[in-house]
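Below you'll find the structure, written out as structure tokens, and then a few comments.
Protein chains: 2
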Amino acid sequence: ALAAPAIAQENPKFTWRLTSSFPKSLDTIYGAAETMAARVKEATGGNFEIQVFAAGEIVPGLQAVDAVSDGTVEMCHTASYYFWGKDATFQLGTATPFLMNSRMQNAWFIEGGGTDMLNEFYNTQGLQAYPCGNTGAQMGGWFRKEINTIEDLNGLKMRIGGFAGKILAKLGVAPQQIAGGDIYAALEKGTIDATEWVGPYDDQKLGFNKVAKYYYYPGWWEGGAALHAMTNLGKYNELPEHYKTILQDACYFGNASMQARYDMKNPAALKQLVADGAVLRPFNQDVLDACYAATQEVYAEVNAANPAFKKIYDSQLAYAKDAYLWQQLSEYTFDTYMMIQQRSGKL
Amino acid sequence: ALAAPAIAQENPKFTWRLTSSFPKSLDTIYGAAETMAARVKEATGGNFEIQVFAAGEIVPGLQAVDAVSDGTVEMCHTASYYFWGKDATFQLGTATPFLMNSRMQNAWFIEGGGTDMLNEFYNTQGLQAYPCGNTGAQMGGWFRKEINTIEDLNGLKMRIGGFAGKILAKLGVAPQQIAGGDIYAALEKGTIDATEWVGPYDDQKLGFNKVAKYYYYPGWWEGGAALHAMTNLGKYNELPEHYKTILQDACYFGNASMQARYDMKNPAALKQLVADGAVLRPFNQDVLDACYAATQEVYAEVNAANPAFKKIYDSQLAYAKDAYLWQQLSEYTFDTYMMIQQRSGKL
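Chains E and X, in that order, give the protein sequences. Just so we're aligned: the first sequence equals residues 22 to 368 in full-length UniProt numbering. Just so we're aligned: the second sequence equals residues 22 to 368 in full-length UniProt numbering.
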């Protein structure tokens, strides 16, 4: 047999492993990594393969970033804010409470320098990351009793993640860290009074409506929640330039398609939840105002202590101010009119 | 010299021409085609080159689709609705009046079967198309006098595109077709009373605020306006499979980045327009209701006459009903609260 000609392969073989922070049962979030990986494989004629593993198959979900930093795997797909305890700056990649919605996040990522600013920080952690999915504005979660006043939050035992928990603690909430699979039992037994999760499609699978009927909105701590595909920085830099572009574009496709999937799946789930007894409740103005004030206190504290956080937060804040000024015209009045038509049965 | 080894090129050379329907001065829209083409080139190591030409360089902007269908060029970047006169179904690829916003369009395109349904139709025209840009909700345009009642629309000479013009004609508006560069003079002379264009960033360049101070919203005929990159179907099918994926992902990146660019640029332009004398005015409920009713009449007529239109319209309508039901919870209340904070100076 003849040796293969010694020319450089245009599309060299790479086989990478990606650890997801999510179980396969969260098919919408987990699926964004699968979508991204499939696009990369197709775009390279099968030569760049990213194998996707669910949380726990290689490392637990909350060790995803460490596993990428230390080279155990080449990639992860995660919510950056899980790692805010290492450095609060990780929070800003996923969701900045009371700030941008998902459309604003995308504008800031792509055209506002956001992806580059985040990568300046992620690079210090040995990571290079691109947006790869968004949930849109999340729901505020499930409560066993109504929240009518700020006092109703005092002493409330609520399953809620780190940074948002830190904010709510200022109002007397006792935040609890409980894994997804254990929340239902905790709510049923009364070990907790409330839980937040994601939105109708994901929440329905866990059946929270059976043990906590008040379904509050909005989830002001996640006006949008962005997922990221993170690569080990050294491994990323070893990729041929055209593979970097292919990977980025596949991430941004995953970014758009995950939001699209939630947007297609949430309406039917919402209708079913209401049919099954969920009672929809908006947080009232007093409650939101108190939460907003507590949030500003936390930002003041973290900004004072962490220059990397402050730099990125300031950029997001400046854009959000402009964005809400503009979007209250055509976008908001168009949506408002269409919602009126929908509610009155004219759509 | 030795002959090159006779192996198939992994990334074969393709050089395509793309005709844009837009001038370079509309840098945000025109730029989406440039962004897409740059990503394709980078992702193929320079081997798949799409050369972007402004409207008029090869064919006029409104002949873009014909030039692709007949193979004069391999691609165009256009607003499908420019060609609604050939077949009203072309309208549904860009903007369906009083229906989806841009986020809903993306959900419908990517996860609601929309891109496939549109391509079923586009294929009958010798085209294969992918979303490549969105303006978001457009403004309603510039008016020399206030529109306070439905009667104020009667006899109004307004520069407005085809399908939307057909709707407004039912209310007595006399729609005018005027090229972008000629609108200012027509408004100044009083040949027309009003014009719609896009939104603050594009409108500011044409200086409409100097000759028609009332700036109305929302542009209900374009709750979102999607651009498409369209390829000649035969040429598309000649591409290697991995080039098809690369092209699609680059289109979707262009899709996201164009919306992002408008979202970053519109706020500053809006502030400057208001500083320069533009007076913002929402269309009131009576006016919107009359326009909504006229729109439903047009849909009834077109649906009765055109089964291809009806099939796609029905799919969009079914999704829009669900989408507005769901988005009025967290998304809308979150945005509303943030807009209140912005207006009160607390953001």
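Positions of the beta carbon are idealized from the N, C-alpha and C atoms, including for glycine. Remember, predicted model here, so these are calculated numbers, not experimental data.
query	result
Compare the C-beta of Ser351(E) against all C-beta atoms of chain X and say whether one is closer than 7 Å.	yes
Taking only runs that begin and end inside the segment 179-229 of chain E, name each unbroken beta strand (DSSP E) of 3 or more residues, in chain order.	195-197
Taking a contact to mean a Cβ-Cβ separation below 7 Å, would you say Cys145(X) touches Tyr283(X) in this structure?	Here the sequence assigns Thr to residue 145(X), which means Cys is not the residue at that position. No; because the gap between Cβ atoms is not below 7 Å, this pair is not in contact.
Counting only C-beta atoms, is Gly347(E) closer than 7 Å to chain X at any point?	Note that residue 347(E) corresponds to Trp in the displayed sequence, not to Gly. For Trp347(E), the answer is yes, since a Cβ of chain X falls inside 7 Å of its Cβ.
Pick from Arg60(X), Tyr340(X), Ala200(X), Leu113(X): whose alpha carbon is nearest that of residue 382(X)?	Nothing can be reported for residue 382(X): it is not among the residues displayed for chain X, which extend from 22 to 368.
Can you name, in chain order, every residue of its own chain whose Cβ lies under 6 Å from the Cβ of Tyr340(X), other than the five neighbours on each side?	Trp129, Gly133
Using the C-alpha atoms, what's the distance from His263(E) back to Thr65(X)?	6 Å
Who are the near neighbours of Leu192(X) in its chain, counting only those whose CB is closer than 8 Å to its CB and skipping five residues on each side?	Ile171, Leu174, Asn175, Ala311, Cys312, Ala315
Please confirm whether Tyr273(E) has its beta-carbon closer than 7 Å to some beta-carbon of chain X.	yes
Considering only residues of the same chain and omitting the five flanking positions on each side of Thr357(E), which have a CB-CB separation below 6 Å?	none
Tell me whether the beta-carbon of Lys256(X) lies closer than 7 Å to the beta-carbon of Glu141(X).	no
So which residues on chain X does residue 10(E) lean against when the C-beta distance must stay under 7 Å?	Lying outside 22 to 368, the shown extent of chain E, residue 10(E) is not represented and no answer is given.
Distance check for Ser90(E) and Leu254(E), CA to CA, integer angstroms please.	8 Å
Measuring only the C-alpha atoms, how far is Gly82(E) from Pro44(E)?	8 Å
Answer with buried or exposed for Gly202(X), where buried requires no fewer than 16 other C-beta atoms within 10 angstroms of its C-beta.	exposed
Quick check on Ser336(E) - is its C-beta less than 7 Å from some C-beta in chain X?	no
For Ser365(E), does the count of other Cβ atoms within 10 angstroms reach 16, so buried, or fall short, so exposed?	exposed
Can you list, in chain order, the residues of its chain with a C-beta nearer than 6 Å to that of residue 421(X)? Leave out the 5 residues immediately preceding and following it.	The question about residue 421(X) has no answer here: the residues shown for chain X are numbered 22 through 368.
I want to verify the contact list: residues of chain E whose CB lies under 9 Å from the CB of Phe35(X), in sequence order.	Result: empty, since nearest Cβ-Cβ is about 14 Å, beyond 9 Å.
For Leu301(E), which residues in chain X fall below 8 Å Cβ to Cβ?	Leu350
Mind reading off the beta-carbon distance from Ala53(X) to Ile71(X)? Whole number of angstroms is fine, and I expect it under 8 Å.	Ala53(X) to Ile71(X), Cβ: 12 Å. No contact.
Please report how far the alpha carbon of Asp48(X) lies from the alpha carbon of Gln280(X), in whole angstroms.	13 Å
Just the C-alpha distance for Gln149(E) and His249(E), rounded to the nearest angstrom, thanks.	10 Å
Taking only beta carbons into account, state which residues of the segment 141-165 of chain E come closer than 7 Å to chain X, listed in chain order.	Gly157, Ala158, Gln159, Met160
Along the segment 239-255 of chain X, where does the CB come closer than 7 Å to a CB of chain E? Name the residues.	Pro239, Gly240, Trp241, Gly244
What three-state label does DSSP hand Ser123(X) in the structure shown?	helix
Might you give, ordered along the chain, the residues of its own chain that have their beta carbon closer than 7 Å to the beta carbon of Thr354(X), omitting 5 neighbours on each side?	none
What does the Cβ neighbour count give for Asp214(X), buried or exposed, with the cut at 16 atoms within 10 Å?	buried
Taking its Cβ as the centre, do 16 or more other Cβ atoms sit within 10 Å of Ser278(X), making it buried, or is it exposed?	buried
Check the Cβ of Leu291(E) against every Cβ in chain X and list those closer than 8 Å, keeping chain order.	Leu346, Trp347, Leu350
Excluding the 5 residues flanking Gly147(E) on each side, which residues of the same chain have their C-beta closer than 6 Å to its C-beta?	Ser90, Leu254
Quick one: Cα of Lys210(E) to Cα of Ile181(E), how far?	17 Å
Tell me the DSSP secondary structure of Ile71(X) in three-state form.	strand
Under 7 Å Cβ-Cβ, which residues of chain E neighbour Gln363(X)?	Lys342, Tyr345, Leu346
Write down every uninterrupted run of the alpha helix (DSSP H) in the segment 105-160 of chain E whose length is 4 residues or greater and which is fully enclosed by it, in chain order.	123-132, 135-145
Report the rounded CA-to-CA distance for Thr216(E) versus Asp335(E), giving the unit in angstroms.	30 Å
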